[in-house]
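The sequence shown finishes on residue 46 if you use my numbering, and the numbering steps up by one all the way, no holes. Don't be surprised by glycine CBs; every beta carbon is placed ideally from N, CA and C. Accompanying notes for the structure given below.
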Amino acid sequence: MTEQETSAELMERLRQQALATEESSRKLAEAIAEAARRDGGVQ
Numbered sequence: 004m005t006e007q008e009t010s011a012e013l014m015e016r017l018r019q020q021a022l023a024t025e026e027s028s029r030k031l032a033e034a035i036a037e038a039a040r041r042d043g044g045v046q
């Protein structure tokens, strides 16, 4: 495996990780907003 291949592989892994993090952050934000609505804190 060349240095370049290793780098591309690492970048792809980081990209996948960032997407997964973004997705769970979005879901968490939605859950918080939903809970706030249920509590009547946010209209």
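Contacts around Thr9, its chain only, beta-carbon distance under 7 Å, and the 5 residues preceding and following it disregarded: Counted from its first residue, the sequence shown places residue 9 at position 6. Excluding sequence neighbours, Thr9 sits near nothing in its chain.
Span separating the alpha-carbon of Ala39 from that of Ala32: Numbered from 1 along the sequence shown, position 36 holds the residue referred to as residue 39. Numbered from 1 along the sequence shown, position 29 holds the residue referred to as residue 32. Using only the alpha carbons, I get a separation of about 11 Å.
Backbone CA spacing between Lys30 and Leu22 [nearest angstrom]: Position 27 of the sequence shown holds residue 30. Position 19 of the sequence shown holds residue 22. Just so you know, the alpha carbons of Lys30 and Leu22 end up roughly 12 Å apart.
Rounded separation between Glu15 and Glu25 - CA only: Along the sequence shown, read from residue 1 onward, the residue named residue 15 stands at position 12. Along the sequence shown, read from residue 1 onward, the residue named residue 25 stands at position 22. Their backbone Cα atoms lie some 15 Å apart in a straight line.
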